[in-house]
Structures are given as C-alpha cells and as structure tokens.
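Below, the structure is given as structure tokens:
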C-alpha cells in the first residue's frame, strides 16, 4: 500500500516563500569559517556600561524578573521610557497606557504590523529597508510599497514627490526609519514635516523605527515624527536599548503611542513572546536614566569609529557615503571595478579577510541595490584598523 506524503507541497507558506535564511546568518557563518573580520552584522564587539550590566546582575540575584514580568513591561522600565521621551524630545507618554515593552525592536515591528494591517493593506516603506520589514508586512498579509532613497550629493535622499505618489486609497500606514539603516540618512525637519502633512492629509497611521536615535553625527538632529503637528495621535514610535547601550543580546525594545494603538499592538504582542527579558528590563530602566555625558560620549566615540572606517574605505578605493547616523557605512563598489554586491561580499572573506553585507538584500529592486555594500563600524578601533589594512589590498591588487 502506497504511503501518502506531503513532499509535493511546500512547507513554507506563500507569504514567506520569498524569505529564506537571512544574509546575516550566511555572512556570519562565512566569517566564522574563514576567520574573517565580521563587519557585516550590526552588533558591537564590546559590552555597554558596567553599571548597567551590574544592574542586570542585581536584578537576577534579587529575584526581579526571573519569573514572568508584567505583560506591558515592568513598571520601572515603562516609567524610564516615558521619562526618556520627555527628557530628550519633550514628548509626554503615560507609562501605564502609552508604553509597551517588547522583545527588541524586531518584535515591536512584527506586533505592530500584525495588529494594524488587514490583508491587502498597503505599507509604504523607505527602501532600502531593514529586512524584517518585508517579512513582517508579508506575515500580516499586507503589501509593501517601496519608496527608494537615492544617492544624491554624497548621501541617500528621500524624493517627497515619489512618496506622495506611492500613497493610494489602499495605503494603511507609512513605515519610516530614521536614522536610516542601511544608508545612514537622517531625515531633515523639512522632510519630516512633509511626511507628517501627507499622513494627516491622507489619514494614515505611521510607524517610526527610531532605534538609532542617539547615533547622529555632524550636526544632524534626530526629530521624532510624533512631535510634529497632527502626528502624536497617529504614530507608533519604536525604540530599543540594544543599539544605544551595546547590549544587543538583551532584546529589550519598546513602543510609545496613544492608548488605543498601544492596546492594539499589545493584543498581537501577547501571542508572540508574551513577555521577555525580565531581569534586563530593570537594567535598561537604570540605563535610560544615565546622565547626558553617557549619551554624548557614546555618540562621539561612534563618530570617531565612523571616521576611521569611512576614511579607510575611501582610501581603499570604495565610493563612500559617510553616514549622518546609525553605525553603518554604505559603499559603492563600482570604483573597484565591481558591480554585483552579492558576489563581492561572498568572495570578500577569501580575498581580504573581511565580511560585509550586500545592500541588495534590503531592496525589492535588487538591481538598484546591486553596487552597494554595507560595513558596520560598531567595533573596536584596532579591529577597524586591521579591517582597513586588509581592504586596501583590493585596490592594490
């Protein structure tokens, strides 16, 4: 008797069929197998402040957070997030009804899209975009509509006319990322004003990913979209401790929004992780109250690392887009005689002993992203210096 199998039917559902293993896993595996310097995935190679780490240890020893924390997040962290928004931006959020703690920003994005989208709703997002955006929109049954940031005078800029044209009667929300990963663009006051006016005019919800809010350079200013006229009531703002505190493994993020939007996001979030990162939530509450000197010093340290890597890449023959924010440098490989970022990044560990990420993975239009490659500079200066030394061999060869 024949045994029926399901082998003819794909296991992965159609919504996720286009998504395989992330390029970050592939490139990190290449770094491990070749011993290459990993400037691909965006995580620091040193820990954050010792007093914050010790706060996590104290929470563990005191039995705080070792069991399920409250669903919205521990009160201390929700209060700290509220105080942080008031302190830096003059934005007032009720910690009990307008703050939700999540398992990092990635869960916040997933829970928000799952909560707010109906099948067929369109989401306008700035391309290139962090790869989880596309997957989260797909899981929610939405349709992503990219608006591409294009190179202009040494930076990637938003075409506001293209943004307006992308909005249709089916558009449910705008997904805005500033400071922007991977390009390092920080949207200006004029650009954000135009985004806000469009959202109000078309009655759109807006989700803003602001995880690199404290990493802006050269006089650039991070301006939360929720602070613009008409935006407080329609904006879900996403923040994260990982990028600012250099504890990316703790996976502590948060959402700030009006009560109805927070309640909606929480409805989805409770069926994802339910809760997470209990002891670390107490430590992040301590961290968000650190003095301005910490945030200023962290930004200045990262600016120096940016300059080290960006200058070295330029001297090695890359076209370099010096970022105004984040901790990534986007480069153009065409001056090196290359055009395919995927092939370039897959060969780079053997050729130069360095790992990078092809920006094409952040594009729907892979051709538009083909010549661009992203390097992370959130590494020790000696590591960056050695990476630069290795990469200079490319142009020398």
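In our numbering, the protein residues as written are 187 to 583.
All residues carry an ideal CB built from backbone N, CA and C; glycine is no exception.
Worksheet item: Taking residue 545 as the reference, which of 536, 537, 514 has the closest Cα?
Response: 514
Item to complete: Following the continuous beta strand (DSSP E) through residue 332, name the residue where it begins and the one where it ends.
Response: 329 to 334
Discussion item. Under 8 angstroms: do the segment 462 to 477 and the segment 296 to 312 share three or more Cβ pairs, one atom per stretch?
Written reply: no
Worksheet item: Who are the near neighbours of residue 549 in its chain, counting only those whose CB is closer than 6 angstroms to its CB and skipping five residues on each side?
Response: 313, 314, 555
Item to complete: Thinking residue 438 and residue 241 are a contact (beta carbons under 8 angstroms), I'd like their distance in whole angstroms, please.
Response: About 12 angstroms; that fails the 8 angstroms criterion.
Discussion item. Alpha carbons only, please: which of 327, 243, 506 is nearest the one belonging to residue 340?
Written reply: 506
Discussion item. At the level of alpha carbons, what is the spacing between residue 318 and residue 292?
Written reply: 7 angstroms
Worksheet item: Taking all protein chains shown into account, do 16 or more other C-beta atoms lie within 10 angstroms of the C-beta of residue 391, making it buried, or fewer, making it exposed?
Response: buried
Practice prompt. Could you check what DSSP says for residue 545 in three-state terms: helix, strand or coil?
Written response: helix
Worksheet item: In terms of residue numbering, what span does the beta strand (DSSP E) encompassing residue 524 cover?
Response: Premise fails: residue 524 is in no beta strand (DSSP E) and is neither H nor E.
Worksheet item: What residue range is occupied by the uninterrupted alpha helix (DSSP H) comprising residue 493?
Response: 478 to 501
Item to complete: Could you tell me whether the Cβ atoms of residue 445 and residue 283 are closer together than 9 angstroms?
Response: yes
Discussion item. If I follow the unbroken alpha helix (DSSP H) through residue 407, where does it start and stop?
Written reply: Run containing residue 407: none; DSSP gives neither H nor E here.
Worksheet item: Just to confirm, are residue 209 and residue 547 a CB contact at a threshold of 9 angstroms?
Response: yes
Fill in: Proximity winner among 196, 202, 325, 433, relative to residue 298 (alpha-carbon distances)
325
Fill in: Sequence-distant residues of its chain with Cβ nearer than 7 angstroms to residue 453 (five each side left out)
301
Fill in: Limits of the unbroken beta strand (DSSP E) element including residue 507
505 to 507
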